[in-house]
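Residues -27 to -1, 1 to 452 in mature numbering (1 follows the signal peptide of the UniProt record, and there is no 0) are what the sequence shown lists, from first letter to last.
In this text, a Cβ means the ideal position worked out from N, Cα and C, and glycines have one as well.
Predicted model, so just to flag it, every value in this text is computed and none were measured.
Okay, structure first, notes after.
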Amino acid sequence: MKLFFSHYFPFPFLLLLFILTVPHIKAICHVDDENGLLAFKSGITQDPSGMLNTWKPGTDCCSWAGISCLFNNRVTSISLFGQLDKPNSSLSGTISPSLLKLQNLDGIYLQNLRNISGTFPDLLFGLPKLKFVYIENNKLSGQLPANIGKLTQLEALSLAGNRFTGPIPSSISELTQLIQLNLGKNFLTGRFPTGIKQLRNLTFLSSEKNTLSGTIPDIFTSFTNLRSLVLSRNAFSGHIPESISSLAPRLMYFELGHNGLLGKIPSFLGSFRALDTLDLSWNLFTGAVPKSFSNLTKIFNLDLSHNVLTDPFPQMNVKGIESLDLSYNKFHLKEIPKWVTSSPIIYSLKLAKCGIKISLDSWNPKETYFYDYFDLSDNEISGSPVGLLNRTVYLVEFKASGNKLRFDLEKLRIVKTLKQLDISRNMVYGKVPKAVTGLEKLNASYNHLCGQLPNTKFPASSFVGNDCLCGSPLPPCKL
Ligand SMILES: *[C@@H]1O[C@H](CO)[C@@H](O)[C@H](O)[C@H]1NC(C)=O
Ligand SMILES: *[C@@H]1O[C@H](CO)[C@@H](O)[C@H](O)[C@H]1NC(C)=O
Ligand SMILES: *[C@@H]1O[C@H](CO)[C@@H](O)[C@H](O)[C@H]1NC(C)=O
Ligand SMILES: *[C@@H]1O[C@H](CO)[C@@H](O)[C@H](O)[C@H]1NC(C)=O
Ligand SMILES: *[C@@H]1O[C@H](CO)[C@@H](O)[C@H](O)[C@H]1NC(C)=O
Ligand SMILES: *[C@@H]1O[C@H](CO)[C@@H](O)[C@H](O)[C@H]1NC(C)=O
């Protein structure tokens, strides 16, 4: 987003340099801008981290935090960012209509402030120079205005992560200068408007995590610049439309996960040479994965989990997969594919219920350093994960329930980063070591463990079904 912003910033670079390097030209910002911003501040009811502390009457508003001025000290952008990892860094209140006074505004960036509420800010209609609107991760609600298409000068519109309801207005098709459109993570309903095909300049289009329904319209031939298409987590049904094939030369990021899509995975997806991320998970796709997938040489992230896909899985020619999830289909892979084992950069491998029959003792992945996630549950994997886990550094999750693993749990190295360990329904023996107390989730049930349990917060169902485990939360040990 940032790269994109600076790239399209319509301002002569030399003039910018001049303003930045000649500080003694001290001018005070335009009185309308100052008044508009102070009115915005008075619409903010809580600012626990003091984001707006520098916004004081009588001082140059161009020097206030988050404010940029160009062109005769007129305010051109307002950028306030909350930090999602700091609960304190939020703003409560509403967007004052007085922002309308900032007639030279070109960008509004109100991101991750979490608690800005109210309806769609109609003042946007009165700002003729406005091109970039990112009002993300707040609490705006109500419907998107039917006349949203009047904002024809917009080049980027993101309202992601709010609480907007109702349909995507059909007038959105009039925003033909848009390069980015993000309506994701709201409560939008209805169909995906076919008029979106008019937005030929789009490089990024997302409506993920709404409740859009009906089929995905067959409108993609006009998008000659599209790099990212994210329609996951909706209620779309039907097949992947044929016109998606025209995105082949450029599309890098394609997500359709968590919908009700069905039919075969189209073979044309194999010609998407630039694709680095493909998510088709949690749909109803059937049949075999097309052979053409072997041509997806740049794919880093592939998630086909939770479908009804069948063998054979194509031999991929990818140099290094980063994350792979093929879990819960109808695969019988027998082995962990060689193109996975040889990846130098893999961090996430999820192959639950994939019909794998190897021994972990003889599985030698080229690189284990980056591994964060393993899910090998519900296969017929034997041997011991002790050596494998000994070679990981940043492991967060290891799940291998429902296999034939046989090892001494006390020998398993539990790295500090590990949060979840599920080795239930195997043949694990020995005692439960104290080191497990640092985990967030543990399941060691249905194994051959024995001895007194260390003091942990885990429920009894984490330990039941073993040979002779005792102590809380199981019955006390006999003396
Ligand atoms: C909130 O932020 C302010 C200013 O950064 C700080 O002084 C205060 O301790 C923080 N409060 C909490 C609960 O984090
Ligand atoms: C969010 O805003 C509402 C109303 O503006 C306020 O009552 C509430 O305390 C705020 N919540 C937080 C977490 O700041
Ligand atoms: C949109 O595309 C047209 C035609 O390629 C081009 O003239 C126009 O400058 C583009 N708009 C933006 C904002 O890049
Ligand atoms: C891979 O791409 C080449 C060149 O476009 C094509 O000839 C070949 O048939 C493709 N392979 C598969 C398995 O589709
Ligand atoms: C774990 O790794 C260390 C060196 O990093 C090595 O000394 C030790 O023998 C290994 N243990 C197992 C069980 O592989
Ligand atoms: C542990 O696994 C067993 C069997 O797979 C399951 O029934 C139980 O609910 C799980 N308990 C926890 C705490 O995950």
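CB of residue i within 8 Å of CB of residue j, strictly
{"i": "LEU43", "j": "TRP28", "result": "no"}
{"i": "LEU113", "j": "PHE137", "result": "yes"}
{"i": "LEU83", "j": "GLY99", "result": "no"}
{"i": "ILE213", "j": "LEU248", "result": "no"}
{"i": "SER65", "j": "THR18", "result": "yes"}
{"i": "LEU234", "j": "PHE258", "result": "yes"}
{"i": "SER201", "j": "LEU178", "result": "yes"}
{"i": "ILE354", "j": "LEU333", "result": "yes"}
{"i": "GLU215", "j": "ASP252", "result": "no"}
{"i": "ILE68", "j": "ILE51", "result": "no"}
{"i": "ILE189", "j": "GLY211", "result": "yes"}
{"i": "LEU368", "j": "TYR344", "result": "yes"}
{"i": "ILE108", "j": "SER144", "result": "no"}
{"i": "PRO60", "j": "LEU96", "result": "no"}
{"i": "ARG206", "j": "GLY230", "result": "yes"}
{"i": "SER240", "j": "PRO263", "result": "yes"}
{"i": "SER435", "j": "ASN420", "result": "no"}
{"i": "PHE380", "j": "VAL366", "result": "no"}
{"i": "THR314", "j": "PRO285", "result": "no"}
{"i": "LEU224", "j": "GLY260", "result": "no"}
Identity of the residue in the options nearest residue i by Cα
{"i": "SER22", "options": "GLU7, LEU53, GLY328, ASP5", "result": "LEU53"}
{"i": "SER146", "options": "ILE272, PHE160, ALA119", "result": "ALA119"}
{"i": "LEU175", "options": "LEU127, ASN207, LEU132, ARG206", "result": "LEU127"}
{"i": "THR197", "options": "SER218, SER205, LEU204", "result": "SER218"}
{"i": "ARG47", "options": "SER186, PRO60, PRO70, ASP5", "result": "ASP5"}
{"i": "PHE165", "options": "GLN150, SER131, PRO142", "result": "PRO142"}
{"i": "GLY115", "options": "ASN135, GLY55, LEU96, SER69", "result": "ASN135"}
{"i": "SER296", "options": "ALA261, TYR346, VAL405", "result": "TYR346"}
{"i": "ILE309", "options": "LEU324, SER36, ASN77", "result": "LEU324"}
{"i": "ASP351", "options": "SER374, VAL366, PRO338", "result": "SER374"}
{"i": "LYS407", "options": "ARG398, ILE387, ASN420, ASP284", "result": "ILE387"}
{"i": "THR149", "options": "LYS339, ILE81, SER195, GLU109", "result": "SER195"}
{"i": "LYS292", "options": "GLU383, VAL366, THR270", "result": "THR270"}
{"i": "PRO101", "options": "ASP298, VAL437, ASN77", "result": "ASN77"}
{"i": "SER180", "options": "ALA221, GLY55, ASN232", "result": "ASN232"}
{"i": "SER117", "options": "PRO448, ASN159, PHE105", "result": "Reading the sequence as shown, one finds Leu at residue 117 and not Ser. With distances taken between Cα atoms, LEU117 lies closest to ASN159."}
Presumed contact (8 Å Cβ cut-off) between residue i and residue j, rounded CB distance
{"i": "LYS182", "j": "GLY157", "result": "5 Å"}
{"i": "LEU362", "j": "PHE371", "result": "7 Å"}
{"i": "ASN85", "j": "LEU130", "result": "Not really, about 17 Å apart at Cβ, beyond 8 Å."}
{"i": "ASN280", "j": "SER244", "result": "No, ASN280 and SER244 are not in contact; Cβ-Cβ is about 21 Å, not under 8 Å."}
{"i": "LEU204", "j": "GLU228", "result": "7 Å"}
{"i": "LEU161", "j": "GLY139", "result": "7 Å"}
{"i": "LEU382", "j": "LYS404", "result": "7 Å"}
CA-to-CA distance, residue j to residue i, given in whole angstroms
{"i": "SER316", "j": "GLN171", "result": "41 Å"}
{"i": "LEU124", "j": "ILE89", "result": "22 Å"}
{"i": "residue 484", "j": "PRO287", "result": "The requested residue 484 does not occur in the structure, where the chain is confined to residues -27 to 452."}
{"i": "ASP33", "j": "ASP395", "result": "58 Å"}
{"i": "GLY424", "j": "VAL409", "result": "15 Å"}
{"i": "LEU442", "j": "LEU426", "result": "7 Å"}
{"i": "GLY444", "j": "LEU422", "result": "13 Å"}
{"i": "LYS414", "j": "PRO432", "result": "10 Å"}
{"i": "THR429", "j": "SER278", "result": "33 Å"}
{"i": "ASP440", "j": "TYR342", "result": "34 Å"}
{"i": "LYS237", "j": "LYS307", "result": "23 Å"}
{"i": "ILE294", "j": "ASP79", "result": "40 Å"}
{"i": "SER418", "j": "LYS330", "result": "22 Å"}
{"i": "LYS392", "j": "PRO30", "result": "50 Å"}
{"i": "PRO446", "j": "SER357", "result": "27 Å"}
{"i": "ASP348", "j": "ARG398", "result": "14 Å"}
{"i": "LEU75", "j": "ASN110", "result": "23 Å"}
{"i": "TRP255", "j": "TRP336", "result": "29 Å"}
{"i": "PHE209", "j": "SER321", "result": "27 Å"}
{"i": "MET289", "j": "LEU275", "result": "11 Å"}
{"i": "PHE193", "j": "ARG246", "result": "17 Å"}
{"i": "TYR226", "j": "LYS311", "result": "24 Å"}
{"i": "LEU151", "j": "ARG173", "result": "8 Å"}
Query raised in the report: Unbroken beta strand (DSSP E) runs of length 3 or more, entirely within the segment 214 to 274: which are they?
Result: 226 to 228, 233 to 237, 250 to 252, 257 to 261
Requested in this report: Please go through the segment 3 to 59 and give each complete alpha helix (DSSP H) segment of 4 or more residues, from N-terminal end onward.
Outcome: 4 to 15
Requested in this report: Starting from the N-terminal side, write out each stretch of the alpha helix (DSSP H) that is 4 residues or longer and does not extend beyond the segment 329 to 411.
Outcome: Whole alpha helix (DSSP H) segments, 4+ residues: 359 to 363.
Query raised in the report: What beta strand (DSSP E) runs, 3 residues minimum, are completely inside the segment 154 to 219?
Result: 160 to 163, 177 to 179, 184 to 188, 201 to 203, 208 to 211
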